[in-house]
Amino acid sequence: MTGRDNVLWLQLWRDRRTDFHQQTANQLLTRFWPSLDLAKGSRVFVPLCGKSLDMIWLAKQGHEVIGVELSPIAVRAFFRENRLKPVRRQVGNFTLWKHGRLSILCGDYFSLTGDDLGQVDTVYDRAALTALPEDIREPYIAHLRRIVADTAKVFLLTTEDAEEKDSPSQAFGVAEEIKTLYSEGYEIDLAHVESVFEINPELPGNPPERTEYKVYRLSSRAAG
Ligand SMILES: C[S@@+](CC[C@H](N)C(=O)[O-])C[C@H]1O[C@@H](n2cnc3c(N)ncnc32)[C@H](O)[C@@H]1O
């Protein structure tokens with residue numbers, strides 16, 4: 051299988067339509083990551099990493115970071131914009147770019163194998179699961195579970211439209227989709243919810259909409 055929207059993503063990077071990219075490390079990452087209490091040197095996998103500065107922050111915490119990203123434009127920009135000079139080599143169907151504790155495998159997530167990836171202690175997902183079309187999210191998680199050991203934790207940040215929420219009594223409940231997709235294999239801990247009123251950039255004349263930024267900590271049931 052390959053990502054269904056690969057052509058679209060490659061084009062977005064060519065056209066520099068990358069609004070999802072954040073100019074600083076994500077604040078929910080820097081605030082809640084320490085609660086995982088991970089050992090320095092533990093290895094963090096960042097699927098669909100783009101050129102995220104979160105990887106720089108994670109490496110500064112002492113982690114080995116391994117991202118996977120489809121677009122070579124994104125990977126080149128990541129190293130160039132951070133003034134890093136990576137070495138490159140072929141790993142399976144991927145080009146591995148590496149500098150110090152930072153590595154990115156350039157290619158399609160869905161063709162990544164456990165051997166390509168190596169050991170992973172924690173998965174960091176921001177705008178990866180939720181960037182995929184809904185019908186691809188289940189295969190994305192199924193694939194994650196094939197290539198990452200059962201013992202790995204998942205730290206997941208999501209952006210959710212609060213207007214779509216089921217009922218007020220579930221205001222701080224786990225979003226239905228995350229529950230459906232992850233609950234079979236993982237214990238789900240919703241660590242934080244932040245509600246923000248924002249203008250939808252696609253509908254600038256409309257009143258602000260409530261958006262929820264959520265932090266999930268998932269640990270595999272198989273890890274015991
Ligand atoms: C919404 S962006 C998020 C990037 C990053 N996580 C961040 O926080 O800035 C999604 C990224 O996934 C990449 N991508 C999409 N499908 C992919 C696939 N099948 N394999 C690898 N990367 C993919 C896109 O090129 C894009 O850079």
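In the working numbering, the protein residues as written are 51 to 274.
A virtual CB, placed ideally from N, CA and C, is assigned to each residue, including glycine.
message = Looking at ligand 1, does it come within less than 7 Å of ASN56, judged from the CB to the closest heavy atom?
response = Because some heavy atom of ligand 1 lies under 7 Å away, the Cβ of ASN56 counts as near it: yes.
key: Of the residues TYR236, ILE186, ALA225 and GLU213, the one placed nearest ALA199, counting alpha carbons only   = TYR236
query = Just reading off the beta strand (DSSP E) that THR208 is part of, what are its end residues?
reply = 203 to 211
task = Indicate, with yes or no, if ligand 1 has a heavy atom lying under 7 Å from the CB of ARG196.
result = no
message = Let's test the definition: count the other Cβ atoms within 10 Å of the Cβ of ILE154 and tell me whether it reaches 16, buried, or not, exposed.
response = The C-beta of ILE154 has 16 or more other C-beta atoms within 10 Å across all chains shown, which makes the residue buried.
message = Tell me the residue span of the alpha helix (DSSP H) that contains VAL57.
response = 56 to 64
request  = Compute the beta-carbon to beta-carbon distance between TRP83 and SER121, rounded to the nearest angstrom, for a pair I have assumed lies under 8 Å.
outcome  = Rounded to whole angstroms, the Cβ separation of TRP83 and SER121 is 25 Å, and the two are not in contact under 8 Å.
The beta strand (DSSP E) enclosing ARG260, as first and last residue numbers = Per DSSP, the unbroken beta strand (DSSP E) holding ARG260 starts and ends at 259 to 270.
ask   = On the three-state DSSP scale, how would you describe SER153?
value = In the three-state DSSP reduction, SER153 falls in the strand class (E or B).
ask   = Where does ILE249 sit, in a helix, a strand or coil, going by DSSP?
value = coil
query = Which residues does DSSP pair with PHE144 in a beta bridge?
reply = Partner residues in the beta bridge of PHE144, as assigned by DSSP, are VAL141.
key: Sequence-distant residues of the same chain with beta carbon closer than 8 Å to GLN169, five excluded per side   = Within the same chain, Cβ atoms closer than 8 Å to the Cβ of GLN169 are found at ARG93 and ALA199, the five residues on either side in sequence being excluded.
query = Are GLU248 and THR230 close, meaning C-beta to C-beta below 8 Å?
reply = no
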